[in-house]
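A quick write-up on the structure given underneath.
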Amino acid sequence: MSENIFKYNFRIKWSTFMELADEIGPYLYKNETYLRQAIPVHKRTACTLYLLGSTSELRTVGNFFGVGKTIAAAILHEFCNILADTCFHRFIKFPTTDDEIKDTTDEFLIKSGYPMCIRCLDGTYISIQPPSGEECDYYNYRNTT
33 MSENIFKYNF RIKWSTFMEL ADEIGPYLYK NETYLRQAIP VHKRTACTLY LLGSTSELRT
93 VGNFFGVGKT IAAAILHEFC NILADTCFHR FIKFPTTDDE IKDTTDEFLI KSGYPMCIRC
153 LDGTYISIQP PSGEECDYYN YRNTT
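So the number in my numbering is just where the residue sits in the sequence shown, counting from 1, plus 32.
In structure tokens form, the structure reads like this:
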């Protein structure tokens with residue numbers, strides 16, 4: 033699969049995918065048993081990223097990766113918990129002193145007009161039809177409602 037196709041499907045570069053899989057792989061790894069074959073770490077990582085980066089149903093993604101929807105859901109849940117436990121505090125930093133909080137809120141106000149904001153995270157945009165007369169309250173950075 034080419035780098036562009038990989039990035040289109042999984043929303044990250046191949047090198048970033050490998051770093052992520054290597055970082056949390058030891059926590060995701062499962063041993064083989066007589067009853068079942070373990071799902072490899074890279075497959076678990078890819079399944080999770082595909083679920084997080086698409087609107088596909090668990091059943092569809094499970095079929096795509098050769099697992100059932102229950103297993104796909106379990107992989108997603110486990111991966112996200114491990115990611116939060118192992119990486120959250122390394123990448124998401126919150127101000128800890130009063131001066132840092134003031135500097136951060138002032139910077140957000142100057143740059144974006146948001147008062148009393150310390151941090152923000154981007155999310156998935158879901159297009160909705162705003163109530164009549166309230167369209168301006170449903171503005172987003174993509175200039176759509």
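By construction, the Cβ of each residue, glycine as well, lies at the ideal position given by its N, Cα and C atoms. Computed from a prediction, not measured in an experiment: that's the story for all the values here.
Supposed close pair residue i, residue j - CB separation, criterion 8 Å
{"i": "I124", "j": "T136", "result": "Their Cβ separation, rounded to whole angstroms, is 13 Å, which puts I124 and T136 out of contact at 8 Å."}
{"i": "L81", "j": "F42", "result": "5 Å"}
{"i": "Y59", "j": "I114", "result": "5 Å"}
Contacting residues, own chain, Cβ-Cβ under 7 Å from residue i (five flanking each side not counted)
{"i": "E64", "result": "A70"}
{"i": "L52", "result": "T77"}
{"i": "M148", "result": "T137"}
{"i": "K75", "result": "F97"}
{"i": "K39", "result": "K45"}
C-alpha gap between residue i and residue j, whole angstroms
{"i": "I44", "j": "I142", "result": "31 Å"}
{"i": "F111", "j": "R122", "result": "17 Å"}
{"i": "F97", "j": "A105", "result": "12 Å"}
{"i": "L83", "j": "T48", "result": "17 Å"}
{"i": "G145", "j": "D131", "result": "20 Å"}
{"i": "I103", "j": "I37", "result": "25 Å"}
{"i": "T128", "j": "S88", "result": "39 Å"}
{"i": "F140", "j": "K134", "result": "10 Å"}
{"i": "V73", "j": "I107", "result": "10 Å"}
Beta-carbon proximity list for residue i, same chain, < 8 Å, skipping 5 on both sides
{"i": "E35", "result": "K45 and W46"}
{"i": "C119", "result": "E55 and I56"}
Collapsed DSSP secondary structure at residue i in the structure displayed
{"i": "V99", "result": "coil"}
{"i": "R91", "result": "helix"}
{"i": "K143", "result": "helix"}
{"i": "P58", "result": "helix"}
{"i": "T137", "result": "helix"}
{"i": "E51", "result": "helix"}
{"i": "T80", "result": "helix"}
{"i": "C152", "result": "coil"}
{"i": "N43", "result": "One detail in the question is off: residue 43 reads as Arg in this sequence, not Asn. Correct three-state label for R43: coil."}
Sequence-distant residues of its chain with Cβ nearer than 6 Å to residue i (five each side left out)
{"i": "G100", "result": "G94"}
{"i": "S86", "result": "none"}
{"i": "M178", "result": "Here the chain covers residues 33 to 177 and nothing more, so residue 178 does not appear."}
{"i": "L90", "result": "K101, A104 and A105"}
Cβ-based burial, residue i [other Cβ within 10 Å; buried from 16]
{"i": "C152", "result": "exposed"}
{"i": "I160", "result": "exposed"}
{"i": "L67", "result": "exposed"}
Proximity test, Cβ basis, 8 Å: residue i and chain B
{"i": "E55", "result": "You won't find chain B in this structure, because it holds only one protein chain."}
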